[in-house]
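Numbered per our numbering, the sequence shown spans residues 24 to 308.
Okay, so here's the structure we're looking at.
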Amino acid sequence: MQMMNIAKRFGLAAAGVALAGTAHAQTAIEDLEIIGAPTPGATGFQPAVTELARDLQWLDGMLLVICAVITLFVTGLLAWVVLRYNKKSNPTPATFTHNSPLEVAWTIVPIVVLVFIGAFSLPVLFKQQEIPEGDVHITVTGNKWFWSYEYTDEAIYFDSRMIGYAQNINDDIIAELEEAGYSEDEFGLATDTAVIVPVGATVVMTVTGSDVIHSWTIPAFGVKQDAVPGRFAQLWFNAEQEGIYFGQCSELCGKDHAYMPITVKVVDPAVYEEWVASAQEEFPA
Numbered sequence: 024m025q026m027m028n029i030a031k032r033f034g035l036a037a038a039g040v041a042l043a044g045t046a047h048a049q050t051a052i053e054d055l056e057i058i059g060a061p062t063p064g065a066t067g068f069q070p071a072v073t074e075l076a077r078d079l080q081w082l083d084g085m086l087l088v089i090c091a092v093i094t095l096f097v098t099g100l101l102a103w104v105v106l107r108y109n110k111k112s113n114p115t116p117a118t119f120t121h122n123s124p125l126e127v128a129w130t131i132v133p134i135v136v137l138v139f140i141g142a143f144s145l146p147v148l149f150k151q152q153e154i155p156e157g158d159v160h161i162t163v164t165g166n167k168w169f170w171s172y173e174y175t176d177e178a179i180y181f182d183s184r185m186i187g188y189a190q191n192i193n194d195d196i197i198a199e200l201e202e203a204g205y206s207e208d209e210f211g212l213a214t215d216t217a218v219i220v221p222v223g224a225t226v227v228m229t230v231t232g233s234d235v236i237h238s239w240t241i242p243a244f245g246v247k248q249d250a251v252p253g254r255f256a257q258l259w260f261n262a263e264q265e266g267i268y269f270g271q272c273s274e275l276c277g278k279d280h281a282y283m284p285i286t287v288k289v290v291d292p293a294v295y296e297e298w299v300a301s302a303q304e305e306f307p308a
């Protein structure tokens, strides 16, 4: 009898510890800062929290400078030709038919510019496509019009849908957003179930589609991968900052394409392990 009481108390204590751990993980997940989200009226990028995103934003800045210089040069050249060689300034037109040095120059210079761009852009592209060994493996399936996620190593599977799917915002939806830890501003971005990944871990996602072509995208991670039915493609990222990051299906996929957001929460590794333990019971594969 005494042994039974001890066992019962031990079981209750273990259950209490498990519940406390689950509650701690849930609180830590809900208290995350929103980092990767669109800003009304903004013209720049979202904060880059992966090496891939930083590389892309740097490359974009370099290309912008090159394009601006070329645009200014061509515009200035056109203006100079119009003002300097119009009929009033040159009543007697020139009769030459070619200029070999000039023709060589306008052939070689564009080639040099393109080679220069390729020398910096191809390594960025290859880095995205060279998939490393992953710490977390997730299979992503695009459906009309929601996402399905399977953590293949942890036997977790769930669907993720927009909170207030295909509806206008109302008091009930605002209450649902607040219950999930979001505000009215996150309507159209927040999902009922988020992807949870540990900070500093290499996450490898295998992406496919079940019906039409979708595209899984998180701008702050610098990743975008089409989800094509019958095909499997991969992407990877290593998020360096805890927080909440939003994305959107980025391939026109039908009438409810606008209602297919993506939510990723990057958490502390210990919190992730606690979440995995609870998710294996809540979302068994």
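C-beta atoms are modelled at their ideal positions from N, C-alpha and C, and glycine is treated no differently.
Given the structure is predicted, the values throughout are model-derived calculations rather than measurements.
Residue closest to residue i, alpha-carbon to alpha-carbon, out of the options
i: Ser-144; options: Gln-80, Glu-207 and Ala-178; result: Gln-80
i: His-228; options: Arg-184, Ala-243 and Ser-171; result: First, the amino acid is wrong: residue 228 is Met here, not His. With distances taken between Cα atoms, Met-228 lies closest to Ser-171.
i: Asp-83; options: Ile-140, Thr-118, Val-135 and Ser-206; result: Ile-140
i: Glu-53; options: Val-218, Val-135 and His-280; result: Val-218
i: Val-299; options: Thr-130, Val-159 and Pro-63; result: Val-159
i: Arg-254; options: Val-163, Ile-241 and Ala-213; result: Val-163
i: Lys-278; options: Gln-271, Gly-211 and Lys-167; result: Lys-167
i: Val-72; options: Val-251, Leu-95 and Pro-242; result: Pro-242
i: Glu-296; options: Leu-106, Asp-176, Glu-56 and Pro-61; result: Asp-176
i: His-121; options: Tyr-108, Trp-129 and Thr-115; result: Trp-129
i: Cys-276; options: His-237, Leu-148 and Thr-66; result: His-237
i: Cys-272; options: Val-251, Asn-261, Asp-291 and Pro-292; result: Val-251
i: Pro-292; options: Ser-112, Val-138, Val-105 and Val-222; result: Val-222
i: Met-85; options: Asp-208, Val-235 and Val-136; result: Val-136
i: Thr-216; options: Phe-306, Pro-63 and His-280; result: Phe-306
Beta-carbon separation (whole angstroms), residue i vs residue j, contact threshold 8 Å
i: Ile-289; j: Val-220; result: Residue identity check: residue 289 is Val in the sequence provided, not Ile. 6 Å between Cβ atoms; contact.
i: Trp-10; j: Gly-165; result: Within the shown structure, residues of the chain are numbered from 24 to 308, placing residue 10 beyond reach of any answer.
i: Ile-161; j: Val-226; result: 7 Å
i: Asn-261; j: Ala-302; result: Not quite, the Cβ-Cβ distance comes to about 21 Å (not below 8 Å), so this is no contact.
Cβ shell of residue i (< 7 Å), same chain only, five flanking positions each side left out
i: Ala-308; result: Glu-173, Ala-178, Ile-179 and Tyr-180
Own chain residues within Cβ distance below 6 Å of residue i, not counting five before or after
i: Lys-110; result: none
i: Gln-248; result: Val-230, Trp-239, Ala-256 and Leu-258
i: Asp-182; result: Phe-169 and Ser-171
i: Leu-42; result: With a pLDDT of 42 at Leu-42, under the threshold of 50, the modelled position of that residue is not reliable, and no figure is offered here.
i: Tyr-376; result: Lying before the first or after the last residue shown, residue 376 is absent from the chain, which here runs from 24 to 308.
Host beta strand (DSSP E) of residue i (start-end)
i: Tyr-18; result: The structure shown has nothing for residue 18, since the chain only spans 24 to 308.
i: Ser-112; result: Ser-112 -> no beta strand (DSSP E), and no H or E assigned at all.
i: Glu-173; result: 169 to 174
i: Met-185; result: Segment: none, Met-185 is in no beta strand (DSSP E) and carries neither H nor E.
i: Ser-238; result: 237 to 241
i: Ala-256; result: 256 to 260
i: Pro-292; result: Pro-292 -> not in any beta strand (DSSP E); alpha helix (DSSP H) instead, spanning 292 to 305.
i: Pro-252; result: Pro-252 -> no beta strand (DSSP E), and no H or E assigned at all.
i: Val-220; result: 218 to 221
i: Met-228; result: 226 to 232
i: His-4; result: The first residue shown for the chain is 24 and the last is 308, placing residue 4 beyond what the model contains.
i: Gly-211; result: From DSSP, Gly-211 is part of no beta strand (DSSP E); its letter is neither H nor E.
i: Gly-64; result: Here Gly-64 belongs to no beta strand (DSSP E), and DSSP marks it neither H nor E.
Residues of its chain near residue i, where Cβ-Cβ distance is below 8 Å and the 5 sequence neighbours each way are ignored
i: Ser-206; result: Leu-200
i: Ala-213; result: Met-185, Ile-186, Leu-200, Ala-203, Tyr-205, Phe-269, Pro-284 and Thr-286
i: Pro-155; result: Thr-225, Val-227 and Trp-259
Host alpha helix (DSSP H) of residue i (start-end)
i: Leu-75; result: 74 to 107
i: Gly-141; result: 123 to 152
i: Asp-195; result: 194 to 202
With a threshold of 8 Å, are at least 3 pairs of Cβ atoms found where one atom belongs to the segment 262 to 274 and the other to the segment 82 to 100? Contact between the segment 262 to 274 and the segment 82 to 100 is absent, because fewer than three Cβ pairs lie under 8 Å.
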